[in-house]
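Position 112 of the sequence shown, counting from 1, maps to 112 under my numbering, and the rest follow consecutively.
Think of the CB as a built atom: it goes at the ideal place given N, C-alpha and C, for glycine as much as any other residue.
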Amino acid sequence: MPHKEVKFTAQDDEDEVDQLTPQAIREAFDDNEELKNLGDFIKFGRYTIFIIILYELMLLPQMANMTFMIYGGYAPKVVQCGHHDYRNLSTVKSCAAFKADTAASNCSPVLETQFNSLAYEFNYYCDRIIDVKRTISIMMLGVLFGAIIFGQLSDSFGRKKMMIITHLGMLTLDLIASRATSLEHFTLIQFFTSLFVGGHNTIMHVFLLENIPKKHRVWVSCMLSYSPNYIIVAGIAYLAEDWRMLIRIAGLLNIPAFFLLLFAFESPRWLIQKAYLDSARTTLMKMEKINGTATPIRIRNIDRLIEQEIIQNETKKSRRKYYFYHLFYTWKMCLYTAIISYALLATSIISYALIFNMEHLSGSIFVSTAFFGAFRWAVNLTVGAIDYFVPKAGRKPIHNGALSFILAMLAIVIAIKSIGIQSVNLTRITTMSAAAMCSQLFMVNAIVTSELFPTAIRNLAVSFVQISSRLGGVISPHVFYLANIWEPLPFVFMFTIMAINAIMFGVFIPETKGSSMIDHMPDKSKRIWKSRKQSLQGTNIQPSVAKLTEDV
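Laid out in structure tokens, this is it:
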């Protein structure tokens with residue numbers, strides 16, 4: 001058999017090497033990559049790092065305003081009235097003793113506080129502290145309304161413009177509020193500040209998700225959250241010592257974010273949705289050049305991607321419109337909506353009740369808050385790692401584990417309060433760790449909501465259950481008034497609503513990890529308002545296996 005002679009020349013080798021330059025390899029990968037949407041196209045680079053830094057600078061002033069009343073609303077303790085000394089009594093018992101002593105002898109109270117709060121300056125203590133708690137509720141209502149108002153405005157006028165406005169609003173109103181002459185004056189100003197806070201909170205997360213690569217969203221969200229900023233704000237409050245200084249600092253923290261935001265680009269996804277195609281193309285090309293990923297093939301892919309996004313947007317516009325009442329389309333959806341809404345309401349009540357009533361805990365308010373942030377951050381990172389590296393760790397084990405921990409901590413506090421054990425550190429650790437663990441419940445409920453409901457109403461479902469979460473924040477400041485009846489009663493109340501949450505979620509919510517997201521609404525035969533009999537037959541709710549399925 002004849003053999004064919006094959007010759008290799010140095011020139012052939014050189015040509016092969018020339019073709020395998022880093023640029024050529026990168027272009028080959030770029031040409032083969034599957035681009036489903038902008039989240040797949042955007043690469044991690046210098047602009048991504050800029051967005052991450054900007055996000056933290058925007059998050060800090062927002063969080064400082066959101067949690068300002070931890071310090072600004074801190075209730076002073078009555079430690080003495082005439083010759084009566086209450087230093088060794090709890091806040092509830094000292095107020096009861098003070099009330100009895102002032103009825104017998106018209107003595108003047110001596111107040112003690114760790115922070116020069118609004119309550120301390122304007123003499124709100126014991127029974128009068130309810131006015132301060134009412135201020136917190138009004139501010140939380142402002143956050144709720146702001147999220148609704150600015151969410152719509154950002155969809156109409158752009159993320160960047162609205163964030164600039166919210167930063168200017170927080171800066172201006174915080175400085176004005178620092179000169180308030182009464183609690184009523186402060187409450188009025190801070191209601192409007194809270195509109196900007198709530199709006200900023202909603203827009204900021206959307207802006208982040210639309211500007212970073214899809215695969216980096218989870219770890220960035222875990223790293224940059226309220227948790228580490230609790231530690232930072234605790235340090236700022238400790239140094240400020242006074243509510244007027246603290247709220248000025250909270251306002252001035254908007255300045256770095258404001259100026260850095262001027263250099264950020266508008267969200268390319270929003271530009272495409274609004275048909276600003278030339279601006280979207282220019283923005284994406286600038287992002288590519290800053291990131292150092294602007295290969296010729298990726299530049300060509302921009303036009304293909306924009307065209308793809310336009311088609312997807314047109315498809316969405318042609319679809320049927322859905323409204324909040326569609327969340328109650330079937331009995332299963334009613335059940336899921338009710339359970340998740342209750343879960344977020346209960347979680348929000350516990351989380352905010354504990355952090356907005358620090359005066360009921362012994363020990364340093366600054367140490368307690370810093371511990372809360374550090375513990376919460378550590379748990380977030382740990383659970384994020386478990387979710388990524390342990391495929392079998394589903395949503396329900398994380399949810400049930402967090403709930404079990406919270407119930408155990410609350411049970412310990414109930415026992416301590418009932419028996420009358422004086423343990424400052426144990427009470428602080430159990431209470432703050434229970435509040436910190438609530439972050440896992442917020443996270444799991446948000447994920448489960450996205451995974452249970454069909455695509456057509458997924459955003460509606462998220463918006464609806466978040467209203468319950470905000471309402472929990474409105475209710476939470478008043479929970480500790482139950483202590484006037486019986487000192488452990490606030491913790492008994494929180495234990496009870498969490499136990500109900502554990503039972504309902506554990507029995508009726510299915511495991512959703514690894515399941516495909518549902519694209520279509522259930523068949524009309526299962527619709528409640530058409531045929532009740534058919535709906536009941538089609539529901540078949542069973543413990544732990546109920547699932548919102550799509551009809552093929």
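CA nearest to the CA of residue i, picked from the options
i, options, result
"LYS133", "LYS160, PHE328, GLU184", "GLU184"
"SER562", "PRO76, ALA104, HIS399", "Since the first residue shown for the chain is 1 and the last is 552, residue 562 is missing from the structure and cannot be characterised."
"ILE310", "ILE290, PRO296, ALA280", "ALA280"
"ILE497", "LEU410, GLY384, VAL143", "LEU410"
"ILE503", "VAL413, LEU403, LEU460", "LEU403"
"ILE414", "LEU253, GLY363, GLY401, PRO490", "PRO490"
"TYR352", "ILE49, ARG269, MET66, SER423", "MET66"
"ILE272", "ARG527, ASP155, ALA499", "ASP155"
"THR382", "MET437, LYS289, ILE51, SER423", "MET437"
"TYR336", "VAL507, PHE122, ALA240, THR295", "VAL507"
"VAL474", "VAL448, THR347, THR449", "THR347"
"THR166", "SER476, LEU253, ILE53, ALA499", "LEU253"
"THR449", "ILE51, VAL367, GLN308, GLU511", "GLU511"
"PRO213", "ALA240, LEU284, LEU195", "LEU284"
"SER194", "ALA275, PHE68, PHE442", "PHE68"
"CYS334", "PRO522, LYS321, GLU112, PHE389", "PRO522"
"VAL492", "PHE405, ILE350, TYR329", "ILE350"
Where residue i falls, given that 16 or more other Cβ within 10 Å makes a residue buried
i, result
"GLY292", "exposed"
"ASP101", "buried"
"LYS332", "buried"
"SER178", "buried"
"ALA24", "Residue placement at ALA24 is poorly supported in this model, since its pLDDT is 42, which falls under 50; the coordinates still yield a value, given next. Classification for ALA24: exposed."
"ASP85", "exposed"
"ASP31", "Confidence in ASP31 is poor, its pLDDT being 45 and thus under 50, which makes the residue's placement unreliable; the coordinate value appears in the next sentence. It counts as exposed."
"LEU246", "buried"
"SER182", "exposed"
"ARG300", "exposed"
"GLY420", "exposed"
"ILE340", "buried"
"GLN354", "The residue you asked about is not Gln; residue 354 is Leu in the sequence shown. The residue is buried, with at least 16 neighbouring Cβ atoms inside 10 Å."
"GLN114", "buried"
"ALA257", "buried"
"SER418", "exposed"
"ASN106", "exposed"
"LEU327", "buried"
"ASN88", "exposed"
"HIS83", "exposed"
"LYS526", "buried"
"TYR55", "buried"
"TRP219", "exposed"
"LEU118", "buried"
"ALA103", "exposed"
"ALA240", "buried"
"LEU168", "exposed"
"PHE191", "buried"
"TYR329", "buried"
Whole-angstrom C-beta distance between residue j and residue i, which should lie under 8 Å
i, j, result
"PRO233", "MET63", "Just to set this straight, residue 233 is Val in the shown sequence, not Pro. Right, the Cβ-Cβ distance comes to about 7 Å (below 8 Å), so this counts as a contact."
"LEU426", "ILE416", "7 Å"
"LEU345", "GLY251", "The Cβ separation is near 31 Å, so there is no contact."
"GLY198", "VAL143", "4 Å"
"ILE236", "ILE249", "6 Å"
"ASP387", "ALA393", "6 Å"
"ARG395", "VAL444", "5 Å"
"ALA461", "PHE453", "4 Å"
"PHE41", "HIS216", "Actually they are not in contact, since the Cβ atoms of PHE41 and HIS216 sit about 13 Å apart, beyond 8 Å."
"ASN501", "TYR325", "Going by Cβ atoms, the distance from ASN501 to TYR325 rounds to 25 Å, so no, they are not a contact pair."
"ASP242", "ASN116", "4 Å"
"VAL79", "CYS126", "Not confirmed; about 12 Å, so no contact."
"MET163", "MET58", "7 Å"
"TYR47", "MET287", "5 Å"
"LEU277", "ILE306", "6 Å"
Counterpart residues of residue i in DSSP-defined beta bridges
i, result
"PRO109", "CYS81"
"ASN116", "ASP242"
Neighbour flag for residue i against chain B, beta carbons, 8 Å
i, result
"THR337", "Protein chain content of the structure displayed is limited to a single chain, and chain B is not contained in it."
- Segment contact flag, the stretch 164–180 with the stretch 218–227, C-beta cutoff 8 Å, min 3 pairs: no
- Does the stretch 430–439 come within contact of the stretch 363–380, defined as at least 3 CB pairs closer than 8 Å? yes
- Tell me, please, whether the stretch 350–361 touches the stretch 478–494 by the rule of three or more beta-carbon pairs shorter than 8 Å. yes
- Item | Three CB pairs or more closer than 8 Å across the stretch 120–136 and the stretch 258–267 | no
- Please determine if the stretch 453–470 and the stretch 143–153 are in contact, where contact requires at least 3 C-beta pairs separated by less than 8 Å. yes
- Message: Using a Cβ distance threshold of 8 Å, determine whether the stretch 188–204 contacts the stretch 149–166, with at least three qualifying pairs required.
- Response: yes
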